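What follows is a single structure, written as structure tokens, with notes after it.
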């Protein structure tokens, strides 16, 4: 008899997460109780918990529920960020794997981040806008502010999934990359060929600064008036991870002065205020939280989920999804994802 | 006594081509007669020819002039394309090096081409436009047409300087790259890890098609109604080399139907007609011949020029600039560059 | 007051593991009780356990001891393989990190493995031997059995630390790499650009087969008479992980027939029998367990240890050393290391 | 009617150079007059010269012969080095391509050079020798003199075909590479990521020194007593290009003192003196001119020859073989190859 799975993926759906082949693999692996479109009703979750080997989704799992889930081996969060819906400590003690799909967004976000950097460095959207208005300037006279990515000084704020994916795209450009990540040892960062640096050094030295850190209690607003003022004239800020790292009004002011350029994919509130002055600035590229949410990323989640469930149900450790860690799981502070 | 050089770089200038250090190196190498702002007057050129070891620029050099330039060792075209201003055959016989700076644009154009591809694949300028209009769509619902460069099927039309520079940027994306270049042996192309293909195969199979070939008599209008119709629904055309390869009206029609997307950096005439319908289309990125003309590219020319002159004046072969070749020099058909 | 550490590293020593700078960092981090040259005496270990935050070494740690080590946060095995000296289950429950230094050998072993492959492919030691005997054959007539690594069909048996390190050395050779590792998902292996395969496919298709798996209950003797007979005529076997995977007499027989070539760095017993017939064969390279034990590898362990202790004592997860995993820690079956 | 070719490849043969497919392509391209086993007899060569479009081989071609070869478009040297058998100046004037196959050895020699470096760095042949003698030392105690290639300081003497091929193998090792090549501009060398250096700097700073330069009048004996004494204690010399760069007795003395290690593939005379003391030294790897002469290298020559003849006969420039250059063709001084 196959192990049982509670599937409660809202705001995701099975359709979004699994291609035909992976869904078939999943069905051959577990017997599923599925609820989509909203959180699974309590009584339904309660009923199936005692027999569940696996929970896929963000079902509330306080200690009292987990104590009744005696067969539970793995909980898979399909949103992308761990939230306070689980008694993690209990899971660690019991050896229940708590896994997240966040890593699946890495490639999509990294490509978008590089695309933003190139678009800023060469003024691609602005040149296009001028052309549409019939005001284009030809050739090198339009390139006063353009620069090559090759050989540019690059900075990373944060070096997790996004940073690792982006780093893999950069070798052809032979950039020096400074990195600020207070959770990671300097020598380990250096092994990736990067220069471990303070936040201030990253900002003051880089032509392109990528904001790649997840939101934590400690990094709220670290890009503020003081630190943004460290940036070089004409430098480019690429914000693709979490808006909470940036004081948005300070950024808008800095941009309004024309000192720097920026690409912004995440906002303090989404949808973002229709009348916000940043919408009028020429030196910014605006993007409506579009960096990660590609079909390819969601389908990669499904592939990873089935692979890791196969490992776990065969008595082997998972290795594609990201495991929650005792030290950090409580320190991430992300908003739940919108549908 | 230092060898003498005629410097007649219009439409370039010494200032554009040489940074301070390279200008210093150049001056220590040769005694220069310089004319900027227009073509060097005939009598001036005639006067200095007999003593010149080097000509930097596009001075007219028919056989009768060359016969009088008995000390001439090298002619360096600083425009980017060889033109019919020189009796090339005579130079080959005499062993006068005829060199061009076109290779210096490779990196700048390659980065722009990749930037265009990313901007098309992810709808960066269009997303920005919608945001400015207050019509942005958030998250994955805005990404129906988006795709990853990673793993995409890519096509190159032409594999010269631009293709080689672009190829070096693509390894992190693990794309299959099909290439059409009738001047190059299939086995040699295959050594670069590309798939040698017909024009038709490239167009029919690729999600992104890069037009990278120089203009020749043979490739005029090879992207026309018939061949553009081979392209896949939603595929992206990136035109960064020469407009003459494309039948522009056929391209505009194809885009107007919404079948494909395109980024266009070169136009049949520049400045381009203000009322051309392509300026209104959402699925195109327009750019006013901005891909190559970066300060870094011009300064690289200067560095290459000084390096190769040093080689030649020391009795060594040049190796940074591109030598004209007997077989092909007459077959390129590019417009002279605008200032 | 600094946390306390029990340091019981035999058969390693502090001198072997830590360079001057890392030792200084370690001392500034913890107050150490050190015993070298043999296992720390029981009473000494017992005495310091209750106050220890960290244990560096292979001290016996059954449950009753661990229960008394109330402050313990991390146990660091400095041998390279986890052994049955610890009640791992208890550590997992309590959240005590159990870490190993095995990954530090990866680079050294990978380079040696590639060096062996090149030495076999080109007959380097054999050519040298002939030259010393005055029997050398010049030029291409000596290269009948030689082949290029570039483009060769390569096989990996196992894809852990060693495989990952070796994989990073191979991109310039553009080899197709087949991999057999029953503990790893096929799709994940494919993401590394390798071809997931059965043991039989790896052996039958590869010109060079690298044995890179750790010893487990399941893989004892999987290279035996039957499976070795699948190898291609003239193929090369490189054995650098554990001798237990190979039936040594079957390998010797196979080599004696001249069917294949091999480099052997690990032996069923070490020191190895002086009169074993493999010592006389021309088509083998013999090496006395020399692949991993480089000064650089030991000093990397020290760096990793200090980095991860810093992380742990700062409330952050370790990330350089390798954590024991519930599912696999009991399944590895390695010999303890000789001094 | 097909163009005519004189094929006079001694000391090579058609069989050596062409695989079945390339021979078929060649035959479909030209009508061949073939002579193998010795140089083509004079009267035979004279007879076919007037109609020949192509000469494959090292036929003597003084001006008087070339003047009669009115249809000649290309001469292809299949030995590997240009020799004084041709009136090169006349060929340059007439636009006859003079091409050489030397580049085809690059990959084979580069792999051997890296294999030698690894074998020296890890004592592979010496460890094997000790094992065969029953004197092996196990584990780290045998590795006192071993070092990793990763991160090592590397030096190149010469950066032609061999250097370029070797450079492509080294990125995974993240070495700093110093290069000495007086024929090449420093800035161009720097673009490859290498550090342009003097001979003395290369020798004094490198843990591994690769001798990769072709023999010229200028570089005879540049590795002599004085310069070898600049090398670091324990450094490794890998000699794979030409013996004439090295004062062989000075090298032997240096090795006899145990100061450095070396791998030697080329010798002042070949076969080399049976009683030379270098044959007894433990810190040397001896190899009988085996680095380049692999079947794969010869067959690559054939592929290149057919590709470039196809180009030339189609009115396109050759691009796989190496063209003789006015400035350098007379400066190479290599011995003719032995059969």
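Residue numbers (my numbering), protein chains in the order written: chain V, 6 to 344; chain P, 6 to 344; chain F, 6 to 344; chain C, 6 to 344.
Just so you know, even glycine gets a beta-carbon here, dropped at the ideal spot from N, CA and C.
All values derive from a computational prediction rather than experimental measurement.
Asked	Found
Proximity below 8 angstroms, CB of residue 150 (chain V) to CB of residue 219 (chain V)	no
Interface positions of the segment 230-247 of chain C facing chain F (Cβ-Cβ less than 8 angstroms), listed along the chain	none
Outcome for residue 195 (chain F) when other beta-carbon atoms lying within 10 angstroms are tallied against a minimum of 16	exposed
Which residues DSSP lists as bridging residue 185 (chain C), in chain order	C:162
Beta-carbon separation (whole angstroms), residue 100 (chain V) vs residue 331 (chain F), contact threshold 8 angstroms	5 angstroms
Counted within 10 angstroms of its Cβ, other Cβ atoms place residue 146 (chain P) as buried (16 or more) or exposed	exposed
Selection from C:187, C:334, C:315 that minimises the alpha carbon distance to residue 325 (chain C)	C:315
Inter-residue Cα distance where the pair is residue 31 (chain P) and residue 72 (chain P)	26 angstroms
DSSP three-state assignment for residue 285 (chain F), whether helix, strand or coil	helix
Residue 278 (chain F), buried or exposed, once every other Cβ within 10 Å from all chains shown has been counted against 16	exposed
Minimum C-alpha distance to residue 138 (chain V) - residue among P:308, P:301, P:293	P:293
Residues of its chain near residue 75 (chain V), where Cβ-Cβ distance is below 7 angstroms and the 5 sequence neighbours each way are ignored	55
Residue 25 (chain F) (DSSP reduced to helix, strand or coil)	helix
Stretch pair the segment 240-255 of chain C + the segment 204-216 of chain C: three plus CB contacts closer than 8 angstroms	yes
Short CB-CB distance (under 8 angstroms) between residue 163 (chain F) and chain A	Judged by its chain identifiers, the structure shown contains no chain A, and its protein chains are V, P, F and C.
Per DSSP, cross-strand counterpart(s) of residue 13 (chain C)	C:62
Through-space distance from residue 282 (chain P) to residue 231 (chain P), alpha-carbon basis	21 angstroms
Close beta carbons around residue 135 (chain V), own chain, < 6 angstroms, minus the five adjacent residues each side	141
CA-to-CA distance, residue 274 (chain C) to residue 50 (chain C), given in whole angstroms	32 angstroms
Proximity of residue 118 (chain C) and residue 317 (chain C) at Cβ, strictly below 8 angstroms	no
Beta-carbon neighbours of residue 133 (chain V), restricted to chain P and to distances below 8 angstroms	130, 290, 291, 292
Host beta strand (DSSP E) of residue 3 (chain F) (start-end)	With chain F covering only 6 through 344, there is no way to say anything about residue 3 (chain F).
Own chain, CB closer than 8 angstroms to residue 342 (chain P), minus 5 neighbours either side, in chain order	In this prediction, residue 342 (chain P) scores a pLDDT of 42, lower than 50, which makes its location untrustworthy; the coordinate-derived value is nonetheless stated afterwards. 16, 84, 85, 86.
Cβ of residue 316 (chain P) within 8 angstroms of any chain C Cβ	yes
Neighbouring residues, chain F, relative to residue 124 (chain C) (Cβ below 8 angstroms)	120, 123, 124, 129, 130
Straight-line gap, residue 280 (chain C) to residue 304 (chain F) (C-alpha atoms, nearest Å)	43 angstroms
Exposure of residue 308 (chain C), with buried meaning 16 or more beta-carbon neighbours within 10 Å	buried
Where the segment 69-98 of chain C meets chain P: residues whose CB sits under 7 angstroms from a CB there	97, 98
Cβ distance (whole Å) where residue 313 (chain P) is taken to contact residue 192 (chain C) below 8 angstroms	Wrong, their Cβ atoms sit about 11 angstroms apart, outside the cutoff.
Residue 180 (chain F), DSSP secondary structure in three states	coil
Cutoff 8 angstroms; reference residue 204 (chain V); Cβ partners in own chain excluding five residues on either side	162, 185, 227, 232
Cβ-based neighbour list, residue 334 (chain P), same chain, cut-off 6 angstroms, excluding 5 preceding and 5 following	87, 93
Partners in chain F for residue 217 (chain C), counting only beta-carbon separations shorter than 9 angstroms	Near residue 217 (chain C) there are no residues of chain F at all, since even the closest Cβ is about 17 angstroms away, more than 9 angstroms.
Contact with chain V by residue 15 (chain P), beta-carbon distance below 8 angstroms	no
Alpha-carbon spacing of residue 257 (chain C) relative to residue 236 (chain C), whole angstroms	14 angstroms
Proximal residues of chain P, C-beta to C-beta of residue 330 (chain C) below 7 angstroms	322
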